[in-house]
Amino acid sequence: MLYNFLTVHRPAPADMAAALAGAVGVPVTDVDVAAEDADPEGRNWDAPVLCGYRAVRGDLALSWDVYVSDEAVPDAPDEPAAARRVAAATGTTVLYPATDLVNPSAYWAATPEGTVARARLYESDDDEPVLTVDAVEAPVPQLPAARVEPLPEARQSAPDTST
8 MLYNFLTVHR PAPADMAAAL AGAVGVPVTD VDVAAEDADP EGRNWDAPVL CGYRAVRGDL
68 ALSWDVYVSD EAVPDAPDEP AAARRVAAAT GTTVLYPATD LVNPSAYWAA TPEGTVARAR
128 LYESDDDEPV LTVDAVEAPV PQLPAARVEP LPEARQSAPD TST
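Residue numbers (this note's numbering): 8 to 170.
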């Protein structure tokens, strides 16, 4: 299972590990979290959950690339459920790609309070891209600059929020 998250805030690596452990149902010792440019020798490559993160600029602070071993964690939640759990555990809004759409700017935003809303994310063409959350379909308090409006490119129903 792969998760691609963008977060509004920068949780500490230990908090990221605890949130991921809780999200997928493993002990925190089974989660390895490190900056993408960290020394690979210091990583626990055998951990069932691996997370590489990097700072991003703009409305979001971190990009997380998460790998969950299907063998070690056969009942890992899907990306929407994991994002909601990580948002609640870290206290930060988590964006994840809307994979049901072809539009690369289409994302979902999961807030710590449990709101899940479509979001439109733009990336600048700069050498160091700036990420801007242009609009959301419901208010997201941690993204106060984002307009609240219907997103015509996002007409699918909301993900199941029962898990």
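C-beta atoms are modelled at their ideal positions from N, C-alpha and C, and glycine is treated no differently.
Please read these numbers as outputs of a predicted model, since none were measured by experiment.
CA-CA distance, residue 120 and residue 53? 33 Å
Length of the line joining the Cα atoms of residue 150 and residue 57: 28 Å
For residue 70, write down the residues that DSSP places opposite it in a beta bridge. 13 and 61
For residue 93 and residue 23, what's the separation of their Cα atoms in angstroms? Their Cα atoms are separated by approximately 8 Å.
Measure the alpha-carbon distance for residue 124 versus residue 152 and round it to whole angstroms. 15 Å
Taking 8 Å as the threshold, find out whether the region 36-51 comes into contact with the region 59-71 through three or more Cβ pairs. yes
By DSSP's criteria, residue 125 is part of a beta bridge. Which residues make up the other side? 115
Just checking my contact of residue 18 with residue 97 at CB under 8 Å: how many whole Å lie between their CB atoms? Residue 18 to residue 97, Cβ: 5 Å. Contact.
Exposed unless 16 or more other CB atoms sit within 10 angstroms - verdict on residue 154: exposed
So, helix, strand or coil for residue 82, using DSSP? coil
Note down the Cα distance separating residue 26 from residue 8, rounded to an integer number of angstroms. 16 Å
Residues that residue 130 bridges to, as DSSP identifies them: 138
Option in 71, 29 and 67 with minimal Cα separation from residue 176: Here the chain covers residues 8 to 170 and nothing more, so residue 176 does not appear.
Give me whichever residues DSSP pairs with residue 104 in a beta bridge. 114
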